[in-house]
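> So the number in my numbering is just where the residue sits in the sequence shown, counting from 1, plus 8.
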Amino acid sequence: MEIETRLIKKVAKFPRVCTNCNNEIPVGNAYHLEEGVKEHVHSLIARQYCSDCYAKYGERKLLNK
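(1) Can you give the Cα-Cα distance for residue 29 and residue 61, rounded to whole angstroms?
(2) Figure out for me which residue from 11, 18 and 10 has the closest Cα to the Cα of residue 56.
(3) Tell me the DSSP secondary structure of residue 44 in three-state form.
(4) For residue 21, name the three-state secondary structure that DSSP assigns.
(5) Got a sec, what are the start and stop residues for the beta strand (DSSP E) residue 26 sits in?
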């Protein structure tokens, strides 16, 4: 069973690492966090992407990996 997800834009309150490129997302920078459309996706398994990867690949390609 697969959970339907989407990416929402957030601002980092502490340093994070992009799931795609492994670059650091510094505090205060925007990033995109995976969340479930109808079901909850636990924060430990939710993927997070930097704005550069989101702009380069788009939501559809990032979520299909």
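Here a beta-carbon is modelled for each residue, glycine too, at the ideal position from N, C-alpha and C.
Reading it off the structure:
(1) As a working mapping, residue 29 is identified with position 21 in the sequence shown. As a working mapping, residue 61 is identified with position 53 in the sequence shown. Answer to the nearest angstrom: the Cα atoms are 7 Å apart.
(2) Numbered from its first residue, the sequence shown carries residue 56 at position 48. When each option's Cα is compared against that of residue 56, the closest is 18.
(3) Stepping through the sequence shown from its first residue, residue 44 is reached at position 36. It is a strand residue.
(4) As a working note, residue 21 is residue 13 in the sequence shown. The three-state reading of DSSP puts residue 21 in coil, since its state is none of H, G, I, E or B.
(5) To locate residue 26, count along the sequence shown from 1; it is residue 18. Segment: none, residue 26 is in no beta strand (DSSP E) and carries neither H nor E.
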